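First the structure, in the form of structure tokens, and then the observations on it.
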Amino acid sequence: MLTISVDDGSTNVKISWFDGTKIETIISPNSFRKGWKSAALRADKVISNYLVGETKYTYDITSDKALETTHIDYQYSDLNLLSVHHALLKTGLKPQKIKIVATLPITAYYNADDCQKNEGNIQRKKDNLMRTLVLNKGKVFNIAAVEVMPESVPAVLSTLLESNVNEFSRSLVIDIGGTTVDSAVIVGQFDEISSVYGNTEIGVGLVTNTARQALANADSDASYLVANELIKNRHDSEFVKEVINDLSQVDVVLKKIEDRINELGQTVAEEMKKFCKNPNRVYIVGGGAPLVYDAVKAAYSVLGDRVIILENAQIALAKENMLYALSDGEEESVV
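Going from the sequence shown to our numbering is simple: count from 1 and add 90.
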């Protein structure tokens, strides 16, 4: 049975799998609304209409009616189930029986009072992903088993194991996603996790919501996906002008986005300094890593180049969880 790593974040689902020679990875943005779309005129265009229970959903990248996913309940929702299955279909693999290694925000994975696994939340996540759904005129994967891993922590496993840190070194890992900022302090080369922290009110979603409102004020109502693309491509004038209808509002929209990004960075930096004042190293991962890197680096300025944004920060967790599955002796077979 094929094992697939699924970092099912609220904004994007990152998937990694082993094709027999190397690890492959894709990123699938989330953007669903209720109802179905009609068939496409182009023969090569696949319409992704789904049925979960009695509710119809469709994948729609531009609709301003797209459902919000940047809330903690997303992890146990129809939208989470849809996002994972939609991403699996985008791998190009043949739908088949699989095991997935999924993720939970660290605040949901561990109990806040004793740093032990929250078995209730973990089981709830498993139950959600093992529900059935239907793809209209298509086949979906059979998720037969689910393993759940915490967000942020595994993302730096290979980095620490390949480093020369000693047993007394403390590494702060910061994972900035769409809904939460998750963090942990790791001792040595992953000898132990000494503490964890998360905040479900801080995430890239704060910037996304600001971008959507600014776009609406510029007669450019957009989906969460389009708003996120604008954030990523805000320095590309051609992209910006394509998205914003009222060109007289371009500078206003971009300033609101930049102000919110700066606010997010400062907020994350302040939260991290409260959580872990003087680590020996800081690693930043997640889709929002580029947005907060400068602020975090300034907050830990004494560390210099030991404040590190991981290469491929957005897909790091999915790849590390896949490596973990391989090292754990999982049988891999691409059919």
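We put the CB at the ideal spot given by N, CA and C, even for glycine. In this text, all values refer to a predicted model and were calculated from it rather than measured experimentally.
Point to revise | Cβ neighbours of V343 in the same chain (closer than 7 Å, five flanking residues each side left out) | key: A304, L305, A308 and I334
Exercise for review: Could you tell me the distance, in whole angstroms, from the CA atom of I405 to the CA atom of I399?
Suggested key: 12 Å
Point to revise | Among G377, G125, E401 and K363, the one whose alpha carbon lies nearest that of D98 | key: G377
Review point. What are the uninterrupted segments assigned as beta strand (DSSP E) that are 3 or more residues long and contained completely in the region 312 to 398, given in chain order?
Key: 371 to 375
Check your understanding: Which value, in whole angstroms, describes the spacing of the CA atoms of E421 and K189?
Key -> Because the pLDDT at E421 is just 49, under 50, the model does not fix this residue reliably, and the value given afterwards should be weighed accordingly. About 10 Å.
Review point. Hey, would you say T270 sits closer than 8 Å to R350, going by beta carbons?
Key: no
Review point. In the structure shown, what three-state DSSP assignment does D98 receive?
Key: strand
Review point. Do the region 254 to 262 and the region 157 to 174 meet, that is, are 3 or more Cβ pairs less than 8 Å apart?
Key: no
Point to revise | Beta-carbon separation (whole angstroms), V382 vs V372, contact threshold 8 Å | key: Contact flag wrong, Cβ pair sits at about 11 Å.
Review point. Grouping DSSP H, G and I as helix and E and B as strand, with all else coil, what is G267?
Key: coil
Review point. Under a CB-based cut-off of 8 Å, is K345 close to chain B?
Key: No chain B is present in this structure, which holds just one protein chain.
Exercise for review: Name the one or two DSSP bridge partners that E158 has.
Suggested key: According to DSSP, which records beta bridges pairwise, E158 is partnered with nothing at all.
Check your understanding: For G210, which of helix, strand or coil comes out of DSSP?
Key -> helix
Check your understanding: Three or more C-beta pairs closer than 8 Å, one from the region 205 to 212 and one from the region 242 to 259: is that the case here?
Key -> no
Exercise for review: Report the partner residues of Y149 according to the DSSP bridge assignment.
Suggested key: F122
**Study point:** Straight-line Cα distance separating M412 from D154
**Key:** 34 Å
Check your understanding: Would you call H325 buried or exposed, if buried means 16 or more other Cβ atoms sit within 10 Å of its Cβ?
Key -> exposed
**Study point:** Proximity to A403 [Cα-Cα], best of Y166, T93, M220 and P244
**Key:** P244
**Study point:** Alpha-carbon to alpha-carbon, N370 and R426
**Key:** Nothing in the structure corresponds to residue 426, since the chain is present only between 91 and 425.
Point to revise | Cβ distance (whole Å) where A177 is taken to contact V236 below 8 Å | key: Wrong, their Cβ atoms sit about 15 Å apart, outside the cutoff.
Check your understanding: Do I292 and S242 have their C-beta atoms within less than 8 Å of each other?
Key -> no
Check your understanding: Taking Cβ positions, are V316 and T152 nearer each other than 8 Å?
Key -> yes
Exercise for review: Compute the distance between the beta-carbons of E410 and S248, then report whether it is under 8 Å.
Suggested key: yes
Check your understanding: Under the DSSP definition of a beta bridge, which residues are partnered with L194?
Key -> P240
**Study point:** Secondary structure of A245, DSSP reduced to three states
**Key:** helix
Point to revise | Bounding residues of the alpha helix (DSSP H) (the contiguous stretch that carries S488) | key: Since the first residue of the chain shown is 91 and the last is 425, residue 488 is not available in this structure.
Point to revise | Beta bridge counterpart(s) of L262 as assigned by DSSP | key: V275 and V372
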